[in-house]
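So the structure is just underneath, and the comments pick up after that.
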Amino acid sequence: MTQLAQSQTAQGSPLYQAWQTLRGEQPKLRARDAAAHLSVSEAELTASRLGVDAVRLRPEWAALLPAFGELGYIMALTRNEHCVHERKGFYRDVTVTGMMGLVVSADIDLRLFLGGWASVFAIEEQTGKGPQRSIQVFDRQGVAVHKVFLTERSEEAAWAPLVERFRAEEQSAELDLQPQPAPVAIQADSAIDVASLRDAWSKLKDTHHFFALLKQHGVARTQALRLAGREWAEPLAPSELPKLMETAGTEEVPIMVFVGNRHCIQIHSGPVKNLRWLDTWFNVLDPEFNLHLKTPGITELWRVRKPSSDGVITSWEAFDADGELVVQLFGARKPGIPERADWRGLAESFAALPA
1 MTQLAQSQTA
11 QGSPLYQAWQ
21 TLRGEQPKLR
31 ARDAAAHLSV
41 SEAELTASRL
51 GVDAVRLRPE
61 WAALLPAFGE
71 LGYIMALTRN
81 EHCVHERKGF
91 YRDVTVTGMM
101 GLVVSADIDL
111 RLFLGGWASV
121 FAIEEQTGKG
131 PQRSIQVFDR
141 QGVAVHKVFL
151 TERSEEAAWA
161 PLVERFRAEE
171 QSAELDLQPQ
181 PAPVAIQADS
191 AIDVASLRDA
201 WSKLKDTHHF
211 FALLKQHGVA
221 RTQALRLAGR
231 EWAEPLAPSE
241 LPKLMETAGT
251 EEVPIMVFVG
261 NRHCIQIHSG
271 PVKNLRWLDT
281 WFNVLDPEFN
291 LHLKTPGITE
301 LWRVRKPSSD
311 GVITSWEAFD
321 ADGELVVQLF
331 GARKPGIPER
341 ADWRGLAESF
351 AALPA
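In full-length UniProt numbering, the protein residues as written are 1 to 355.
This is how it looks when you write it as structure tokens:
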């Protein structure tokens with residue numbers, strides 16, 4: 001038994017007890033869904049575990065993120081409302097500059113917007129398969145931002161020392177949650193200088209400058225896609241997205257799969273092979289990469305072309321009913337290298353919806 005497990009003697013809070021009752025009734029219910037059922041945030045549910053199987057850590061991101069490398073081969077998980085991205089590998093090449101963090105190893109590839117990160121917990125849960133150890137980060141609204149799970153190949157001996165090194169002095173369940181920021185009002189199409197938007201779009205040199213373009217023109221993302229013109233963006237039937245991934249798997253076209261939330265983006269680069277449907281969920285179940293996509297959540301799908309100094313870069317972008325980006329696909333590539341011809345051919349082979 002580890003030092004963390006030995007310290008867990010309390011019976012937990014009333015919220016924790018309510019959760020355990022719920023788990024007894026629905027053993028397969030995940031923490032995110034249990035929190036919704038109990039009308040609390042997932043962070044509050046996690047904090048209820050303090051003294052049972054969780055330890056609150058200090059949110060010292062510049063030190064904690066590189067320390068994840070000590071855990072060896074892990075599984076990183078990032079999700080939004082409709083898609084879960086799980087990638088196994090090593091936390092390497094970690095940099096933190098102010099409120100921006102990067103992990104750019106070949107397997108774990110992340111963009112971290114740390115200004116919204118608030119609380120972090122180490123959890124050691126006993127399961128039917130033995131202990132499951134994870135470190136889980138939540139934002140100021142109590143929503144999960146990013147999670148790191150130990151695997152059977154992790155450096156288990158590094159777990160307890162890391163937890164003890166970052167253990168918060170006060171093991172408090174108080175989270176000081178804040179309300180969700182009000183969404184930015186979307187301007188009417190008539191208020192947008194469409195000619196200027198299209199001109200700026202045509203002059204892009206780097207796809208990373210796209211967000212700045214949206215901000216400069218005061219336009220929402222899906223609104224920009226509608227106004228850009230079919231040279232740059234075309235709507236597709238959402239049902240085409242799984243078909244694209246299935247064809248990429250069959251034809252062995254390596255792709256980049258971006259999934260994120262407001263505070264973290266996680267990227268897989270490489271092939272996808274083992275693709276399965278489970279009810280309305282479309283899944284990638286490869287040894288090092290899993291994706292779980294709740295397809296009814298996608299209400300818009302776009303084929304997007306952005307010019308760059310490396311030539312036109314083609315992506316498929318899926319959005320939910322609130323205009324939030326669910327998943328984004330590119331051909332696998334590195335900066336400075338033109339887009340793969342096989343990806344472009346595949347991405348362009350699907351018919352757009354009629355105008």
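In this text, a Cβ means the ideal position worked out from N, Cα and C, and glycines have one as well.
Here the structure is a predicted model, which is why all the values come from computation and not from measurement.
| Item | Value |
| --- | --- |
| To the nearest angstrom, how far is the alpha carbon of L112 from that of N80? | 14 angstroms |
| Which stretch, first to last residue, makes up the beta strand (DSSP E) that contains D139? | 130–139 |
| For F258 and H268, I'd like the C-alpha separation in whole angstroms. | 7 angstroms |
| According to DSSP, D33 sits in a beta bridge with which residue or residues? | D33 pairs with nothing; no bridge assigned. |
| The beta strand (DSSP E) with L214 in it runs from where to where? | Run containing L214: none in the beta strand (DSSP E); it sits in the alpha helix (DSSP H), 210–217. |
| Might you give, ordered along the chain, the residues of its own chain that have their beta carbon closer than 8 angstroms to the beta carbon of G336, omitting 5 neighbours on each side? | D310 |
| How would you label H208, buried or exposed, when you count the other beta carbons within 10 angstroms and need 16 or more for buried? | exposed |
| Would you check if the distance between the CB atom of G101 and the CB atom of L65 is smaller than 8 angstroms? | yes |
| Go to A233, then tell me how far its beta strand (DSSP E) extends in each direction, as first and last residue. | 233–236 |
| So, do the region 273–289 and the region 219–236 have three or more beta carbon pairs nearer to each other than 8 angstroms? | no |
| Over what stretch of residues does the beta strand (DSSP E) that includes Q266 continue unbroken? | 264–270 |
| Span of the beta strand (DSSP E) holding Y91? | No beta strand (DSSP E) holds Y91; DSSP gives it neither H nor E. |
| To the nearest angstrom, how far is the alpha carbon of Q126 from that of K203? | 55 angstroms |
| Got a sec? Which residues, its chain only, sit under 6 angstroms from T95 by beta carbon, not counting five neighbours each side? | L102 |
| Quick one: what does DSSP say E251 is sitting in, helix, strand or coil? | coil |
| If you draw a straight line from the alpha carbon of K205 to that of V304, how long is it in whole angstroms? | 15 angstroms |
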